[in-house]
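As numbered in the working numbering, residues 8 to 251 make up the sequence shown, in order.
Here is the structure we will look at.
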Amino acid sequence: MENGKPLPDYFLKLCQSVTAKRPKVVIDHILEYGFITTEEIKERYGYNHPPRAARDVRELGIPLETFRVTSHNGRKIAAYRFGDITKVRFSKTSGRTGLSKQIKDALINQYGCQCFIYLEEIEERELQIDHRIPFEVGGEPELDADNFMLLCGSANRAKSWSCEQCDNWKNLKDPSICSSCYWAFPEKYEHIAMQPIRRVDLLWQGDDIETYEHLKERAITMNKSLSDLVKDMIKQALENPDSS
């Protein structure tokens, strides 16, 4: 029900088309009870990050609005209910599933079957589509492959955590800041979540594994972390380019 009126069929079909567990829990609870609290998401369903669960729903094109309610112990807590359903995205089609497949295929054709962050080749079914600029900052972009990226599950979780700690996510909401961030454009960036940080992710596989093991043994012998050892070796090579 919305304002006492039954929800339209196209909206119900969109809600029922969701199969991912976390957003489905939120949607089904709201359909049954009208809203869901952060307390219920945590304690009843076991999801420790309610805003992320709400984000999952919004990214599926289903609008949610946040409001405040009183918990059983008298605290004010957040709750979610459906927002303005006229703003539903992909509302009258099977929608995001088909469009996501097209975007995923386009990205794979252009970049290969690899994670954009770790540059690791993995199976297509394990790659996840993510907005380059988070939905919470930039809203829903045009459905162009250039606005999305492919991530492995680990990279997607790392990106989500880092973005959610960023002041641009929490307060500023400036897409241009995201556009120069590592998590949106790792191929060309100026900062990581507004911090003056640079990073290189190295993948060791095949014949390279033997080199990795040698480096690891050397790091242990020198009482250094492997990353510190690699950085020291790179510095020495840059300072003495002619040395062998």
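We put the beta carbon where it would ideally sit given N, CA and C, even for glycine.
Proximity of Phe42 and Phe18 at Cβ, strictly below 9 Å: Numbered from its first residue, the sequence shown carries residue 42 at position 35. Numbered from its first residue, the sequence shown carries residue 18 at position 11. No, these two residues do not count as a Cβ contact at 9 Å.
Mapping the DSSP letters down to three states, classify Leu179 as helix, strand or coil. The residue you call residue 179 lines up with position 172 of the sequence shown. Here Leu179 sits in helix by DSSP.
How is Gly79 classed by DSSP in three states: helix, strand or coil? Start at 1 with the first residue of the sequence shown, and residue 79 comes out as number 72. Checking the sequence, you will find His at residue 79 rather than Gly. Coil, per DSSP.
Which of the three DSSP states is assigned to Asp137 in this structure? Translated into positions along the sequence shown, residue 137 becomes position 130. It is a strand residue.
Which term fits Asn175, buried or exposed, when burial requires 16 or more other beta carbons within 10 angstroms of its beta carbon? Start at 1 with the first residue of the sequence shown, and residue 175 comes out as number 168. That one is buried.
Kindly indicate which residue of Cys173, Gln23, Asn55, His36 has the alpha-carbon position closest to the one of Pro203. Here the question's residue 203 lines up with position 196 in the sequence shown. With distances taken between Cα atoms, Pro203 lies closest to Cys173.
Relative to the alpha-carbon of Ile37, which residue among Asn230, Leu158, Pro70, Asn55 has its alpha-carbon at the smallest distance? Residue 37 sits at position 30 when you count from the first residue of the sequence shown. With distances taken between Cα atoms, Ile37 lies closest to Pro70.
What residues match up with Arg88 in a beta bridge as DSSP calls it? Taking the first residue of the sequence shown as 1, we reach residue 88 at position 81. BP columns for Arg88 point to Glu72.
Check whether the region 74-88 and the region 120-127 are in contact - that is, three or more C-beta pairs closer than 8 Å. no
Coarse secondary structure for Thr44, derived from DSSP in three states: Residue numbering aside, residue 44 sits at position 37 when the sequence shown is read from its first letter. Strand, per DSSP.
Just grab the DSSP bridge partners of Cys120 for me. If you number the sequence shown from 1, residue 120 lands on position 113. Looking at the DSSP assignment, Cys120 forms no beta bridge with any residue, so it has no partner.
How would you call Ser101, buried or exposed, if buried means at least 16 neighbouring beta carbons within 10 angstroms? If you number the sequence shown from 1, residue 101 lands on position 94. In this predicted model, Ser101 has a pLDDT of only 38, less than 50, meaning its place in the structure is not dependable enough to derive any value.
Would a C-beta distance cut-off of 9 Å place Asp137 and Leu157 closer than the cut-off? Counted from its first residue, the sequence shown places residue 137 at position 130. Counted from its first residue, the sequence shown places residue 157 at position 150. Cβ distance < 9 Å, so Asp137 and Leu157 count as in contact.
Buried or exposed (CB count within 10 angstroms, at least 16 for buried), Asp181: Here residue 181 refers to the residue found at position 174 of the sequence shown. That one is exposed.
Range of the contiguous beta strand (DSSP E) that encloses Met229: As a first step, residue 229 is located in the sequence shown; it is residue number 222 there, counting from the start. Looking at the DSSP string, Met229 is not in any beta strand (DSSP E), and its letter there is neither H nor E.
Any idea if Arg103 is buried or exposed, counting beta-carbon neighbours within 10 angstroms, 16 or more meaning buried? Here residue 103 corresponds to residue number 96 of the sequence shown, with the count starting at 1. At Arg103, the pLDDT of 45 sits below 50, so the modelled position is not reliable; the number obtained from the coordinates is stated separately. The residue in question, Arg103, is buried, as its Cβ has 16 or more Cβ neighbours within 10 Å.
How would you label Trp211, buried or exposed, when you count the other beta carbons within 10 angstroms and need 16 or more for buried? In the sequence shown, counting from the first residue as 1, residue 211 sits at position 204. By the neighbour-count rule (16 or more Cβ atoms within 10 Å), Trp211 is not buried but exposed.
With 16 other Cβ atoms within 10 Å as the buried cut-off, status of Thr218: Along the sequence shown, one-based indexing puts residue 218 at 211. Label assigned to Thr218: exposed.
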